[in-house]
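Here the sequence shown is numbered in our numbering, starting from 109 and rising by one per residue.
Everything below concerns the one structure shown next.
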Amino acid sequence: MNTQKLLELDRRHVVHPHLPLDTQNRTIFVRGKSCSLWDANGREYLDATGGLWLAQIGHGRDEIADVAAAQMRRLEYFTTFWDFSHDRSIELAAKLAELSPEGLDYAYFTSGGSEGNDAAIKTARYYHAQRGDSSRTWILSRSTAYHGLAYGGGTATGFDDMKAGVGPMLPHVAHLTPPHPFRTWLFEGQDPTDYCITELEATIERLGAENIAAMIAEPIMGVAGMVIPPEDYWPRVSAVLRQHGILLIFDEVVTAFGRIGHWFAADHFGVTPDIMVTAKGLTSGYAPLGAVLLSREVGETVMTGHGYPVGYTYSGHPVGCAVALANLEILEQEELLSAAQRLGAYFAERIAPLAELPVVGEVRQVGMGIALELVADKQTRQPLPELPTGRGLADVIRDETGVVVRVSSSHNLVFSPPLVMTEGEADQAINAVATVLRRTRPDGTVASEGTQA
Ligand code: PLP
């Protein structure tokens, strides 16, 4: 089908998440290989986002296609409800138990991150109910958290605009202050961790520990712009939660499987949650699959009583599980976790000079998750306004340079490339962003090519 026809049919029939009403443009990809993508016009792009934070092993790998095809021929589908099981989901659950922090022994499979967070919230409440604590229903989350857009995780998500017009949301969800040290004004002059701990303890006191099931949190906040908490934040938060019998749910949908140079952010912080939600990098996007990992204690508790009340037709889909196993093998064999650390450090070094630009407030990097927080004013650190045209900075960068980056939560420029990216491609991505940011004015507009801001 030609590009014009595809464009016309897309506008007429396809619903796009987050598409602003005044945008008629589409970038229609038809092919991918490693870090390259090609659109329907044959233009080549460099993928510096891995789509939505994934594509760990790169696009278009024949090994994975072969594994998926072979699995489809052998057993394309059967359920994992009741006592049914199949070899691939068993092998994957065992592999995840081996890779994940000590004690996360059970895996419940989903089709993605939002489903995983809904399952995690339900699991936490059900765990307490099974232990006779059915009043423990409150879920603690944080402002600017992203836990997907289904109703459970979507309520925990801390962006009001993503909930407007669809209320009422899930009851009993409270949002705390995010540990975002760059935003000094959030902490009333105190140390960010001290402030967050005082607030957490006050919230537990206000709601009553006996009414709180869990805290759900991204260990590093991806959509908020790779927000890295102070080193003492997770050890102190997890100690307070443990003291009050509140479960910790790590949403590692972005951070797991090499994105930050480790299997899990839990390894990076040395904190083991009770429940860990994963997706994205589990298959590098070759199949829609997520895994919710449960501690032995939580897993064994929720498999008692009237039966675990979470389950979907595609839980543990054999093709998804086969693809995940092959993907994890590639991550291991090609040593992509250490590659993420190495290339992430290269990115950090090459991108550091951009911090001098008037619109760059802070550069943050962990492994292959890199963000530039854009500001209108370096002193006040107020966010750079969005372009008034409906076309954002990422659109300008993509159209001008062919490099795909993302603007996340309105004013963070994010790189989350495939872990197989080369240094030359990293330079290409950084240069593309630099040429546009040099021309970006504090009001968010961009001067035309060949001129300065
Ligand atoms: N949790 C986090 C931390 C995410 O970043 C995302 C998606 O970006 C989700 C959950 C939702 O995952 P999905 O889009 O697969 O439902």
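Beta carbons: idealized from backbone N, C-alpha and C, even for Gly.
Here the structure is a predicted model, which means the values were calculated and not measured.
By alpha-carbon positions, which one of Lys203, Gln490, Ile165, Val544 ends up nearest to Met529?
When only C-alpha atoms are compared, the closest one is Ile165.
Name the residue from Ala534, Phe267, Leu248, Ala432 whose alpha carbon lies nearest to the alpha carbon of Gly256.
Closest option to Gly256, Cα to Cα, is Phe267.
If you compare alpha carbons, which of Pro286, Ala237, Arg233, Leu284 is closest to Gly260?
The shortest C-alpha separation from Gly260 is found at Arg233.
Could you tell me how far apart the beta carbons of Val406 and Asp375 are, in whole angstroms, since I believe they sit closer than 8 Å?
Wrong, their Cβ atoms sit about 19 Å apart, outside the cutoff.
From the DSSP output, in three-state form, read off Glu484 for me.
According to the sequence shown, residue 484 is Ala rather than Glu. Note: Ala484 maps to coil in three-state DSSP.
What is the rounded straight-line gap between the Cα of Met79 and the Cα of Thr245?
This structure cannot settle anything about residue 79, because the visible part of the chain is limited to 109 through 561.
Could you give the residue range of the beta strand (DSSP E) that holds Glu470?
Counting along the chain, the beta strand (DSSP E) containing Glu470 begins and ends at 468-474.
Would a C-beta distance cut-off of 9 Å place Phe455 and Ser208 closer than the cut-off?
No, Cβ-Cβ distance for Phe455 and Ser208 is not below 9 Å.
Are the beta-carbon atoms belonging to Leu204 and Thr421 less than 9 Å from one another?
It is not a contact, given that the beta carbons lie outside the stated cut-off.
Mind checking Val379: buried by the 16 CB within 10 Å criterion, or exposed?
By the 10 Å Cβ count, Val379 comes out buried.
Mind reading off the beta-carbon distance from Ile281 to Thr263? Whole number of angstroms is fine, and I expect it under 8 Å.
Inspection of the sequence shows that residue 281 is occupied by Val rather than by Ile. Yes, Val281 and Thr263 are in contact; Cβ-Cβ is about 5 Å, under 8 Å.
What is the DSSP secondary structure of Pro82, counted as helix, strand or coil?
For the chain, the structure presents residues 109 to 561; residue 82 sits outside this window and is missing.
Helix, strand or coil for Asp241, going by three-state DSSP, please let me know.
Of the three classes helix, strand and coil, the one that applies to Asp241 here is coil, per DSSP.
Is it true that the CB of Ile478 sits closer than 9 Å to the CB of Ser517?
Not a contact, by the Cβ cut-off of 9 Å.
What are the boundary residues of the alpha helix (DSSP H) that includes Trp342?
Its alpha helix (DSSP H) spans residues 341-351.
Where Gly221 and Ala163 are concerned, what is the direct C-alpha to C-alpha distance, given to the nearest angstrom?
One C-alpha to the other measures close to 15 Å.
In the DSSP assignment, what residue or residues form a beta bridge with Arg499?
None; Arg499 has no bridge partner.
Could you tell me if Glu206 is buried or exposed, where buried requires 16 or more neighbouring beta carbons within 10 angstroms of its beta carbon?
It counts as exposed.
Thinking C-beta only, is Phe186 closer than 9 Å to Gly398?
No.
Nearest-angstrom Cα distance between Ala555 and Met270?
So the alpha carbons of these two residues sit roughly 31 Å apart.
Is His255 near ligand 1, in the sense that its beta carbon is under 8 Å from a heavy atom of that ligand?
Checking the Cβ of His255 against ligand 1 gives yes.
Can the beta-carbon of Leu154 be found less than 9 Å from the beta-carbon of Ala447?
Going by C-beta atoms, Leu154 is not nearer than 9 Å to Ala447.
By Cβ distance, which residues of its chain are closer than 7 Å to Ser392, with the 5 residues on each side in sequence left out?
Contacts found: Leu162, Ala163, Gln164, Ile165, Asn435.
Hey, out of Ala430, Pro417, Glu408, Leu402, whose CA is closest to Leu390's CA?
For the residues Ala430, Pro417, Glu408, Leu402, the minimum Cα distance to Leu390 belongs to Ala430.
For Ser423, which residues in the same chain have their Cβ closer than 6 Å to its Cβ, ignoring the five residues on either side in sequence?
Taken in chain order, the residues that qualify are Thr188, Phe217.
Using CA coordinates, which residue listed in Val522, Arg547, Leu545, Pro550 is at the minimum distance from Gly159?
Closest option to Gly159, Cα to Cα, is Val522.
Quick one: Cα of Phe365 to Cα of Leu445, how far?
Rounded to the nearest angstrom, the two C-alpha atoms are 8 Å apart.
Find out if the Cβ-Cβ distance for the pair Leu492, Thr548 is shorter than 9 Å.
Result yes, Cβ atoms of Leu492 and Thr548 sit closer than 9 Å.
Do Phe290 and Gly452 come within 9 Å of each other at the CB atom, strictly closer than that value?
In this structure, Phe290 does not lie closer than 9 Å to Gly452 by Cβ.
Using C-beta distances below 7 Å, list every residue in its chain close to Arg344, excluding the 5 sequence neighbours before and after it, in chain order.
So the list reads Thr301, Ile305, once near-sequence residues are dropped.
With 16 as the cutoff for other CB atoms within 10 Å, does Asp485 come out buried or exposed?
Asp485 should be labelled exposed.
I'd like to know whether the C-beta atoms of Arg367 and Leu527 end up nearer to each other than 9 Å.
Yes, these two residues count as a Cβ contact at 9 Å.
Taking the CB atoms as reference points, tell me whether Leu356 and Met329 lie closer together than 9 Å.
No, they are not a contact pair.
Flag this pair as yes or no: are the beta carbons of Val410 and Gln132 separated by less than 9 Å?
Not in contact: Val410 and Gln132 (Cβ atoms no closer than 9 Å).
Once you ignore the five residues that flank Gly500 on each side, which residues in its own chain have a CB closer than 7 Å to its CB?
Cβ neighbours of Gly500 beyond the five flanking positions: Glu494, Val515.
Report the start-end ranges of each alpha helix (DSSP H) in the region 383-441 that is 4 residues or longer and not cut off at the edges.
Qualifying alpha helix (DSSP H) stretches, in chain order: 404-410, 426-441.
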